Amino acid sequence: MLAALWDSPRLRAWAGQALLLFLFVGTLVWLAANTVENLAVRSIRVGFDFLARPANFPISESVVPYSPMDSFAWAYVVGIGNTLMISAMAILSATLLGLLVGLARRARHPMLSGVAGVFVTAVRNTPLIVQLLFWYALVTTALPAPRNALHPLPYIYLSQRGLYLPGIDWSGNGWGFAAGTAGILVAAAMLARRLRRQGRTAPALPAVGAAAAVLALAWITGIGAAASLPELRGFNFSGGMRLSPEFAALMVGLVLYTSVFIGEIIRGGIDAVGRGQWEAGRALGLSERQTLMRIVMPQALRVIIPPLTTQYLSTVKNSTLALAVGFPELGLVIGTVINQTGQALESIAILLAVYLTIGAAVSLLMNWCNARTALVTR
Amino acid sequence: MSWPLGEFPIMTMTTAIPAAAADGPPKRRRTPILQILFGDLLAAGLTVMTGALVLALLPALRWGVLDAVWSTADPGRCGAGGACWAFVAAKIRFILFGVYPADEQWRPLAVIGLVLAMVLVSLPPRHWGRRLLTGWAVAIGAMLALMWGGFAGLPFVSTANWGGLPVTLLLAILSLGLGFPVAVTLALGRRSRVPVPRFLSVLVIETIRGMPLVGLLFISSIMMPLLLPAGWSVDKLGRTLAALTIFAAAYLAEVIRGGLQGVPGGQMEAARALGIPVWKAVWHVVLPQAIQKVIPPLTNTAIVMVKNTSLVLIVGVFDMLSAARTAASDPVWPAPYAESYLFVGAVYFLICFAISLYARWLEGRVQEKDLR
Numbered sequence: 001m002l003a004a005l006w007d008s009p010r011l012r013a014w015a016g017q018a019l020l021l022f023l024f025v026g027t028l029v030w031l032a033a034n035t036v037e038n039l040a041v042r043s044i045r046v047g048f049d050f051l052a053r054p055a056n057f058p059i060s061e062s063v064v065p066y067s068p069m070d071s072f073a074w075a076y077v078v079g080i081g082n083t084l085m086i087s088a089m090a091i092l093s094a095t096l097l098g099l100l101v102g103l104a105r106r107a108r109h110p111m112l113s114g115v116a117g118v119f120v121t122a123v124r125n126t127p128l129i130v131q132l133l134f135w136y137a138l139v140t141t142a143l144p145a146p147r148n149a150l151h152p153l154p155y156i157y158l159s160q161r162g163l164y165l166p167g168i169d170w171s172g173n174g175w176g177f178a179a180g181t182a183g184i185l186v187a188a189a190m191l192a193r194r195l196r197r198q199g200r201t202a203p204a205l206p207a208v209g210a211a212a213a214v215l216a217l218a219w220i221t222g223i224g225a226a227a228s229l230p231e232l233r234g235f236n237f238s239g240g241m242r243l244s245p246e247f248a249a250l251m252v253g254l255v256l257y258t259s260v261f262i263g264e265i266i267r268g269g270i271d272a273v274g275r276g277q278w279e280a281g282r283a284l285g286l287s288e289r290q291t292l293m294r295i296v297m298p299q300a301l302r303v304i305i306p307p308l309t310t311q312y313l314s315t316v317k318n319s320t321l322a323l324a325v326g327f328p329e330l331g332l333v334i335g336t337v338i339n340q341t342g343q344a345l346e347s348i349a350i351l352l353a354v355y356l357t358i359g360a361a362v363s364l365l366m367n368w369c370n371a372r373t374a375l376v377t378r
Numbered sequence: 379m380s381w382p383l384g385e386f387p388i389m390t391m392t393t394a395i396p397a398a399a400a401d402g403p404p405k406r407r408r409t410p411i412l413q414i415l416f417g418d419l420l421a422a423g424l425t426v427m428t429g430a431l432v433l434a435l436l437p438a439l440r441w442g443v444l445d446a447v448w449s450t451a452d453p454g455r456c457g458a459g460g461a462c463w464a465f466v467a468a469k470i471r472f473i474l475f476g477v478y479p480a481d482e483q484w485r486p487l488a489v490i491g492l493v494l495a496m497v498l499v500s501l502p503p504r505h506w507g508r509r510l511l512t513g514w515a516v517a518i519g520a521m522l523a524l525m526w527g528g529f530a531g532l533p534f535v536s537t538a539n540w541g542g543l544p545v546t547l548l549l550a551i552l553s554l555g556l557g558f559p560v561a562v563t564l565a566l567g568r569r570s571r572v573p574v575p576r577f578l579s580v581l582v583i584e585t586i587r588g589m590p591l592v593g594l595l596f597i598s599s600i601m602m603p604l605l606l607p608a609g610w611s612v613d614k615l616g617r618t619l620a621a622l623t624i625f626a627a628a629y630l631a632e633v634i635r636g637g638l639q640g641v642p643g644g645q646m647e648a649a650r651a652l653g654i655p656v657w658k659a660v661w662h663v664v665l666p667q668a669i670q671k672v673i674p675p676l677t678n679t680a681i682v683m684v685k686n687t688s689l690v691l692i693v694g695v696f697d698m699l700s701a702a703r704t705a706a707s708d709p710v711w712p713a714p715y716a717e718s719y720l721f722v723g724a725v726y727f728l729i730c731f732a733i734s735l736y737a738r739w740l741e742g743r744v745q746e747k748d749l750r
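Chains as they are written, first to last, in the working numbering: chain A, 1 to 378; chain B, 379 to 750.
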């Protein structure tokens, strides 16, 4: 009887799984018990109530308004906002630059492909953090002091304090305006799509409607804009839009690094399309560029999109390296909060939740792109 | 050019010389260099653009080579608009070995030599095998023993004083080496037919891959003292190594899973038909084939991990990058940060570029084998 039980493969599989699950859960329980005990010994209180307390530390720059009087929760939001902004800007610019790099690598022009090859080899074989620190060192030591700022164009100043550009001062209900505009644009896009589905070609109608609606909204929310120009006052500039040295170093480093990998992905995708497709394009009398854009690229996209998704995700994750140059994205904010409050458990839980959510969102978006470009087979 | 429809030469690639197909491969017509560079408007534009780009980089050359100070004992002579390579020369021992006691620095140097020797021995695929694996285990043990000391007259050096290149190399090698068996387990778990191991493997792999390495380093450096019982203490280097190992394991697992998927199902069925138990079949039949298939992508992961070791700077481990940063903050010298980072970047470049060349060579060999 027992021997029969022992020999039953199904029973053994079940027993093995139960044991594995028990071990896993047991380890978790053991770690949790240790943590509770250690926290009690160190008298650290666990809980998210610290989030409502004022943060009391400065954040040097942010896309959403922030002051040290704001709560810890808001400080996290500021960090998330900066992370999202940096990632989005880096991904967009790196994709464009990466496309150029990928095409340059494939070019028959020997100088161009040579320069692109050296660039790719140099950048992809050194760690991103070394590159970021290098750019930061370059920006802060090689650029002149504000007094002797580089002044290539009117109202553009480049110095150790960062890049000053003409900016726009907004007044009125900015948030309401931004949200309303986004809504109008989405509605207009949906309308345009619907019209196209019905076979009616009236591309101007949604665009005109949207423009009118945005203008009306601007009037309602009392939005006003005034140009703000940077000028040297004393030892620093005032007015205008400032891009800090940290931001500049981070963007240059992250974009160059990411573009190299995207370039290689795009090159690989183009190479994966059969040579016959090029020849067919030429035989049909299409120009080189038409063949690339109309025949090869749509097919290459199928190969490109999955690795590109991975690359975008790792760019979002790489943006945490901003803390090496002191740009206040989520990683730096979390590091500061842990230092200030000792609420490590909660902060790390937030970090995990945010990155896993961003990761899931990017995956979903790119899966949707993938489904759109995938070969339709029956 | 018009072809009679029936005779369209599908196989020839250069349509210019159709008759050549009969007597051997067509001769490739060499385009004169001037025509390549200035043949049409696009080419000319590209030439001018690339030329301008290269010219724009000339000041960098001037800074790095022509105006650079190569050797001086007087830091004051640096900083006149050129790179200060004399600084790197003066601080090279600090950058490479960190705060390791000066009289004992032959030990980290020996460790670097040992790593190089082991890597050289491991290069030819015919050396791969159980003996090489044992060799690596012994060598790593010897390296750690050399670094620690405390025997045979070697003074003990605690990990707090380790630093520089040996730490970088040890972190990379150990994280990959320790991560590999974990990765194999995770990959097999993910491919398992029963739900519990599959679910657990997916959970672990995806959580770790979804997290930035910085986050993982935070967790290990801050949380590990909380997670473990009061008496157990792991030093900073050990905690960092744990984070890097788990990280490497998750990424390696995905590569190995790719290899497992590439092994035809018939292999397992054949082994089972011969009466070989499942686990033995996995160990002796499926895994060796799977790992052999993914050796080129594994070298890629190795490059990624070598580069990732530089992140330990963030949690305050004294690797080569931290050492260089600390060295550059010496007030005697005129803040030669750019030079220090260039030097460190060059060392990383040499390591990673060498690995990628090796990977390319291996891949070429695999393709040759496939063709035969």
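Backbone N, C-alpha and C fix where the C-beta goes; we use that ideal spot for every residue, glycine too.
Computed from a prediction, not measured in an experiment: that's the story for all the values here.
Coil, strand or helix - residue i by DSSP
| i | result |
| --- | --- |
| Asn236/A | strand |
| Cys462/B | strand |
| Ser159/A | strand |
| Arg10/A | helix |
| Leu150/A | strand |
| Pro575/B | helix |
| Val693/B | helix |
| Pro110/A | helix |
| Pro58/A | coil |
| Ala399/B | Confidence at Ala399/B is low in this model, with a pLDDT of 48, below 50, so its placement is unreliable and the value that follows should be read with caution. The answer is helix: DSSP assigns Ala399/B an H, G or I state. |
| Ser718/B | helix |
| Arg650/B | helix |
| Trp739/B | helix |
| Met427/B | helix |
| Arg587/B | helix |
| Ser536/B | coil |
Neighbour flag for residue i against chain B, beta carbons, 8 Å
| i | result |
| --- | --- |
| Gln17/A | yes |
| Tyr257/A | no |
| Thr291/A | no |
| Val130/A | yes |
| Phe48/A | no |
| Ser100/A | With the sequence shown as reference, residue 100/A is identified as Leu, and Ser is not the correct amino acid for it. Leu100/A does not count as touching chain B. |
| Thr141/A | yes |
| Tyr355/A | yes |
| Asn367/A | no |
Limits of the alpha helix (DSSP H) - the one that residue i falls within
| i | result |
| --- | --- |
| Tyr257/A | 245–272 |
| Tyr355/A | 344–373 |
| Arg568/B | 543–568 |
| Tyr312/A | 297–318 |
Proximal chain B residues relative to residue i, where beta-carbon distance stays under 8 Å
| i | result |
| --- | --- |
| Ala122/A | Phe727 |
| Gly180/A | What Gly180/A touches in chain B: nothing, since even the nearest Cβ is about 34 Å away. |
| Asp286/A | Here residue 286/A is Leu; the residue named in the question, Asp, does not match the sequence. Within chain B, no residue comes near Leu286/A; the closest Cβ sits about 15 Å away, beyond 8 Å. |
Interface partners of residue i on chain A, CB under 8 Å
| i | result |
| --- | --- |
| Ile414/B | Arg108, His109, Pro110 |
| Leu431/B | Val115 |
| Ile600/B | Ile338, Ala344, Ile348 |
| Pro575/B | Gln17, Leu20 |
| Thr704/B | The contacting residues do not exist; Thr704/B stays about 12 Å from chain A at best. |
Boundaries of the beta strand (DSSP E) in which residue i is found, first to last residue
| i | result |
| --- | --- |
| Tyr164/A | 162–165 |
Interface residues of chain B facing residue i [CB-CB closer than 9 Å]
| i | result |
| --- | --- |
| Gly331/A | Pro590, Val592, Gly593, Phe596, Ile692 |
| Pro127/A | Val684, Lys685, Asn686, Thr687, Ser688, Leu689, Leu699, Val722, Gly723, Tyr726, Cys730 |
Test: residue i CB closer than 8 Å to a CB of chain A
| i | result |
| --- | --- |
| Ser449/B | no |
| Cys456/B | no |
| Leu444/B | no |
| Leu564/B | no |
Contact set between residue i and chain A, taken where Cβ atoms lie within less than 7 Å
| i | result |
| --- | --- |
| Leu605/B | Leu31, Asn34, Thr35 |
Under 9 Å by beta carbon: chain A residues contacting residue i
| i | result |
| --- | --- |
| Thr425/B | His109, Met111, Leu112 |
| Ala651/B | Simply none; closest approach about 16 Å. |
Residue-level contact to chain E via CB, residue i, 8 Å cutoff
| i | result |
| --- | --- |
| Leu549/B | The structure shown contains no chain E; the protein chains it does contain are A and B. |
Short-range partners of chain A found in the stretch 709–743 of chain B, where Cβ spacing is below 7 Å: Answer set for the stretch 709–743 of chain B: Ala713, Tyr715, Ala716, Tyr719, Leu720, Val722, Gly723, Tyr726, Phe727, Cys730, Phe731, Ser734.
Members of the stretch 459–490 of chain B near chain A, C-beta cut-off 7 Å: Among the residues of the stretch 459–490 of chain B, none has a Cβ less than 7 Å away from any Cβ of chain A.
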